[in-house]
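The structure appears right after this line, and notes come after that.
In the UniProt record's numbering, the protein residues as written are 1 to 349.
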């Protein structure tokens with residue numbers, strides 16, 4: 001299933017009059033890819049309110065650009081070639097130096113804008129959902145395949161490499177992000193980087209990882225026990241699992257980001273661990289591993305239909321360890337669709 005890039009550009013063009021500009025210079029590499037299909041480190045696309053578009057890149061990518069369905073040309077300074085007075089620019093992706101260079105000597109200022117493309121990217125079409133579904137299936141299978149090899153004596157780094165290697169064998173472009181493996185006391189650090197620390201009997205081991213497939217990302221976290229868990233470990237796991245269920249059940253078009261976060265966070269707070277859950281509940285996934293919308297106590301906005309998003313509560317006890325459980329789901333009118341499907345029961349290895 002292919003992507004409808006002209007339709008995406010037309011939606012952006014239709015938004016420009018409301019922003020008071022006649023054109024938008026898109027310089028974010030992810031947004032350029034979303035609007036044209038060109039994946040590059042140096043490209044820009046001008047979207048005009050009348051529906052016209054021009055893609056400019058350098059000689060490394062020009063042949064790929066010419067094969068796309070948008071007019072393209074080559075230039076060393078891609079942004080400078082496209083920027084015109086009265087053009088909107090992506091304030092979040094353009095450096096101050098580039099902004100000053102582009103605006104120099106022009107009668108009208110360039111217009112810094114907030115997110116224009118990103119809100120459109122949040123709602124996914126069927127082609128995008130297919131890619132994310134495949135990325136999640138690869139992630140699921142890698143976890144299933146690697147679990148039997150997890151044993152005391154393996155290091156965190158070795159386990160991370162096994163997960164990443166298996167995802168590559170199953171067809172992933174690459175890991176969606178730097179794989180997290182946190183054993184024992186390291187599980188108290190939400191974004192712990194794997195080390196030479198060996199896994200030991202009695203450890204809880206948290207694995208946060210995902211595959212990228214055709215540019216689209218998956219995100220999943222599972223926590224397992226090496227040997228029978230201690231009472232406190234089982235209690236902690238059951239608490240996080242209950243919070244995760246509450247968060248998943250709260251996902252629905254029309255729900256606010258804060259409401260979904262509260263549904264999960266309140267479970268943890270009522271158990272006296274509110275201070276041990278120190279991050280937002282989740283985030284959108286797509287061409288980026290972290291993209292709009294974000295779920296958190298201070299987040300605003302309502303969810304729409306067909307938005308892939310994670311639900312990932314965690315409880316982290318300094319010096320002891322932690323538990324996080326995460327799935328990628330898609331909001332649906334009839335209830336969320338689960339993309340990462342491996343069991344969320346505590347696996348005892």
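Each residue gets a CB set at the ideal place from its N, CA and C atoms; glycine is no exception.
Quick caveat: nothing in here was measured; it's all calculated off a predicted structure.
Euclidean distance between Cα positions of residue i and residue j
{"i": "residue 113", "j": "residue 275", "result": "36 Å"}
{"i": "residue 107", "j": "residue 26", "result": "Only weak support exists for where residue 107 lies, its pLDDT of 49 falling under 50; the value from the coordinates is given anyway. Going by the C-alpha atoms only, they are around 21 Å apart."}
{"i": "residue 90", "j": "residue 201", "result": "51 Å"}
{"i": "residue 207", "j": "residue 20", "result": "46 Å"}
{"i": "residue 35", "j": "residue 9", "result": "6 Å"}
{"i": "residue 56", "j": "residue 42", "result": "9 Å"}
{"i": "residue 13", "j": "residue 51", "result": "6 Å"}
{"i": "residue 265", "j": "residue 179", "result": "25 Å"}
{"i": "residue 220", "j": "residue 7", "result": "31 Å"}
{"i": "residue 97", "j": "residue 235", "result": "53 Å"}
{"i": "residue 44", "j": "residue 76", "result": "11 Å"}
Residue environment, residue i, which counts as buried when at least 16 other CB atoms sit within 10 Å
{"i": "residue 95", "result": "exposed"}
{"i": "residue 238", "result": "exposed"}
{"i": "residue 156", "result": "buried"}
Reference residue i, options the options, closest by Cα
{"i": "residue 67", "options": "216, 53, 37", "result": "37"}
{"i": "residue 123", "options": "305, 169, 329", "result": "305"}
{"i": "residue 199", "options": "40, 181, 299", "result": "181"}
{"i": "residue 335", "options": "99, 246, 300", "result": "246"}
{"i": "residue 259", "options": "59, 168, 280, 270", "result": "280"}
{"i": "residue 342", "options": "139, 261, 271", "result": "139"}
{"i": "residue 303", "options": "145, 332, 192", "result": "332"}
{"i": "residue 368", "options": "188, 186, 136, 191", "result": "Lying outside 1 to 349, the shown extent of the chain, residue 368 is not represented and no answer is given."}
{"i": "residue 165", "options": "142, 74, 186", "result": "142"}
{"i": "residue 69", "options": "282, 92, 33, 93", "result": "33"}
Spatial neighbours of residue i in its chain, beta-carbon cut-off 8 Å, leaving aside the 5 residues before and after
{"i": "residue 268", "result": "239, 240, 243, 274, 276, 277, 313, 315"}
{"i": "residue 23", "result": "16, 46, 47, 48, 49, 84, 86, 87, 88"}
{"i": "residue 80", "result": "101, 102"}
{"i": "residue 129", "result": "306, 308, 330"}
Short CB-CB distance (under 8 Å) between residue i and chain D
{"i": "residue 12", "result": "No chain D is part of this structure, which consists of one protein chain only."}
6 Å Cβ shell around residue i - same chain, five flanking residues per side excluded
{"i": "residue 349", "result": "150, 224, 226"}
{"i": "residue 184", "result": "203, 321"}
{"i": "residue 4", "result": "none"}
{"i": "residue 300", "result": "none"}
Given 8 Å, three or more beta-carbon pairs between the stretch 245 to 255 and the stretch 214 to 232: The stretch 245 to 255 makes no contact with the stretch 214 to 232, as fewer than three CB pairs between them are under 8 Å.
Stretch-stretch touch, CB-based, cutoff 8 Å, three pairs: the stretch 201 to 216 with the stretch 282 to 299: The answer is yes - the stretch 282 to 299 touches the stretch 201 to 216, with three or more Cβ pairs under 8 Å.
Three-pair Cβ contact test at 8 Å for the stretch 144 to 153 versus the stretch 310 to 324: Not touching, per the Cβ criterion.
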